[in-house]
Structure formats: C-alpha cells, structure tokens
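Trainee: Would you mind keeping the following structure in view while I ask a few things?
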Amino acid sequence: MQEKTNTSLSYPVNTTPATGKAVQAGPGVHWLRLPIPFELNHINVWLLDDGDGYTLVDTGISSTKTRQTWQQIFKELIKNKAIKRVIVTHFHPDHFGLARWLCDEQGAEYVSSQETVERTALLLGKTNRENDDARKVFYQRHGIEDWEIFEKFLKGNLYAEIVSGNPLDNSILGQGDTIAIGGNDWQVIMSYGHAPGHICLYCKTLNMLISGDQVLPTISSNVSVYADQPNANPLRDFLDSFQAFAALPEDTIVLPSHGKVFQGLHRRIEEIIGHHDEMLERVVSICQQAHTVTELVPKLFPRKLEGVNTVLAFGETLSHLNYLHAERRLQRKLHAGRYIYSATTD
Ligand SMILES: [Zn+2]
C-alpha cells in the first residue's frame, strides 16, 4: 500500500524500513517498523546506539507476529549487544505492549512517565471493576445503548490481551529531565491530551525530535474523553501541549510513531491545530439545533465505524463538546436521562 504523503512537509529519509529491518534515520538512530493489527498497520520504534548496547523507544503490540519480528531484530541487528533500556512514550498498547517482554528478554531497564506507570497499573490491575456503575451512567447519559464494545475496551480486558504486562521495575521521566543516550543529551518534553504523561524526546545535537503520537505527519492523533473522567478537557491539554515545542527549529527532524520521518514541525503543528479548530466550528454549527453525542458522531465521522473506531469516534466527539462547553460556547442539559448539547446565544 502506498503510504500517504503530506505535501506541505519534506521527508529527509527517502526510504521506509521493511518489517524487522532498520533504516538509518541519523547518526546512531535506527528506524524500525513493527506490524499492528489495526487499520493503522504499523508503528515506528527507535533503536538508539548507547555505548555497548542500545536504548529503545517504544515496543510494539504484544502478538506472536511482533515477537517473531523482534527475534529477527535480535539476531540480525542487536547480535551480541543488548537493549539496555526501554523508554515508553505512553501507555497505548502499540507503544507499551512488549515493554515487559523486552525488559525480561534483554535485561533492560524500563523508563516511562509517572502517568504511564499509573495508567498501566490501573488497566492491568484488578481494581477497575469498582467503577462499573459510574461508567454505565456515563454511557446512558450520552445515549449509548450497546456499550459492550466500550466496556471491553475500557475495562482493560482487551488491553491485557495485547500487552505483555507491567515491567517489574521502573524509572520515571518528567518535564525538564534530560536523559543521556550514546553520548547525546535528549530533553524530555511532556504532552497531554492524547494520553496522560506522553513523553517526547528532543536532541539538540542531532536536531531530532522523537514525537510519539503528539505530532504525526498525515493523521491527527485521537483525543478522547473516557468514562473515568467524563468532564475532562483533553483537547485543551492536547492543544496547550504544542506550546512546549515553540522554541524548536522548523527544520527539526521529526521521528513520529506513525508515518514517515519528516521536517516542517511548526507547519504540521499549525495544520493539526487548524484541523481541531475546524471541527470545533462544525460542532457549534451543528449544535444550533440540540444534539446528543450519539447523534453528532455520524455527522462528524460519516464513514461506517466498527470496533475500537466506534469508541475513538465517540471519545473524540465528546472531547470537542467538553472543550466548547468549558469555553461556554455550548450548553449541556440533562433531558429525559440524556445529555443534549446546544450552542449558547451571545
Ligand atoms: Zn497513542
């Protein structure tokens, strides 16, 4: 399949890696791709030379196919060295999935943010059944009748199937921290909204940014409201997070989790902000007449949605509604057991 290209960006690496093979993205920076069984069919992970071994950023989903790909990488690339450290940008299964397995296999140290560690503990723990009733009310109020897929997705059952478990030990990174990898300093830039405590890494010497899912070249990453924080405003957090990138040079080489290595950081950030602005205006215009979330979803996402995409489209719609509600551009009323949204009149 021909990979999508965003013509407003430039692509300094003129090839993409085949599954299990590495492409050099810069000095000591190996770009690898792992398969994922979703519509989005791959994740990029970054293997960085680190003295007598490697530091890996992100891990792939836990599946037989991904483990086999890793076995091939161990044999052909890692050889008699080892992955000494595994950094996970955020808790999503394509990033965190094989963290435990890789740490066990390679004797690696696990590094992530406080929020990632807490979130994976919650999702893989036994405690999240306690919130069943609150979640049920949340879905009902938004008009969801068939909430089986939401339950499966959010209770951690599905998550537990596609991750290899929590690593036995961890080290925490946060805003302002710097981590030395192979003689280069990488500065931690935290972002929020797509996932709590999402780590990006910037290296001034290499002029490179490992952007995770915060800045992607052709798609905008999902920003969702979930039942555990029904009135959260993750879109505000997501958009505010871009401020932390303002001082980075426009020609920064961006290493994203999906798509191709690119340059044009600020152009791309403007496009992403523009996409959300446009969606916010559409929501306000549709809500000139009162709508529930479930009535809005097919108007904003007209293609047929299935499985996890149903959950993501619902969450993304609600993140735009919560943003507009906080800005007082929409009002929300509980009417006959359902939340309805309508534009406020100035
Ligand atoms: Zn993600």
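For the sequence shown, the working numbering begins at 350 and goes up steadily by one.
Beta carbons: idealized from backbone N, C-alpha and C, even for Gly.
(1) Taking 7 Å as the line, does the beta carbon of Asp-562 fall inside it for any heavy atom of ligand 1?
(2) With the cut-off set at 8 Å, would you say Val-372 and Leu-397 are in Cβ contact?
(3) What are the boundary residues of the alpha helix (DSSP H) that includes Gln-421?
(4) Does DSSP put Val-564 in a helix, a strand or coil?
(5) Between the Cα of Phe-440 and those of Thr-465, Gly-561, Val-572 and Tyr-360, spot the shortest distance and give me the residue it belongs to.
(6) CB-CB under 8 Å to Leu-358, same chain, minus the five flanking residues each way: which ones, in chain order?
(7) Any heavy atom of ligand 1 inside 7 Å of the beta-carbon of His-391?
(8) For ligand 1, is there any heavy atom lying closer than 7 Å to the beta carbon of Ala-596?
(9) Determine, using beta carbons only, whether Gly-523 and Ser-573 come nearer to each other than 8 Å.
(10) For Ile-410, does the three-state DSSP call read helix, strand or coil?
(11) Candidates Asp-577, Leu-555, Tyr-575 and Met-539: which alpha carbon is nearest Val-564's?
(12) So, at 6 Å on beta carbons, what are the nonlocal neighbours of Val-362 in its own chain, with the 5 sequence-adjacent residues on each side left out?
(13) Would the stretch 668-678 and the stretch 622-634 be scored as touching if the rule is three or more Cβ pairs under 8 Å?
(14) For Val-603, count neighbouring C-beta atoms within 10 Å of its own C-beta (all shown protein chains included) and say buried if the count is 16 or more, exposed if not.
(15) Can you tell which of Glu-425, Val-642, Tyr-459 and Thr-356 has its C-alpha closest to the C-alpha of Arg-434?
(16) Measure how close the beta-carbons of Val-633 and Leu-679 come, nearest whole angstrom, since I'm counting them as under 8 Å.
(17) Could you compute how far the alpha carbon of His-391 sits from the alpha carbon of Thr-694?
(18) Can you tell me whether DSSP reads Cys-552 as helix, strand or coil?
(19) Any heavy atom of ligand 1 within a distance shorter than 7 Å of the CB on Ser-570?
(20) Are Gly-542 and Ser-606 close, meaning C-beta to C-beta below 8 Å?
(21) Does ligand 1 have even one heavy atom less than 7 Å from the beta-carbon of Ala-544?
(22) Is His-444 near ligand 1, with its Cβ less than 7 Å from a heavy atom?
(23) Does DSSP put Ile-436 in a helix, in a strand, or in coil?
(24) On a CA-only basis, which of Arg-484, Gln-536 and Leu-517 is nearest Gln-578? Give me that one, please.
(25) Answer with buried or exposed for His-684, where buried requires no fewer than 16 other C-beta atoms within 10 angstroms of its C-beta.
Mentor: This is what the structure holds:
(1) yes
(2) no
(3) 413-422
(4) coil
(5) Thr-465
(6) Pro-566, Phe-611, Gln-612, Gly-613, Arg-616 and Arg-617
(7) no
(8) no
(9) no
(10) coil
(11) Met-539
(12) Ala-374 and Val-610
(13) yes
(14) buried
(15) Tyr-459
(16) 7 Å
(17) 45 Å
(18) strand
(19) yes
(20) no
(21) yes
(22) yes
(23) strand
(24) Arg-484
(25) exposed
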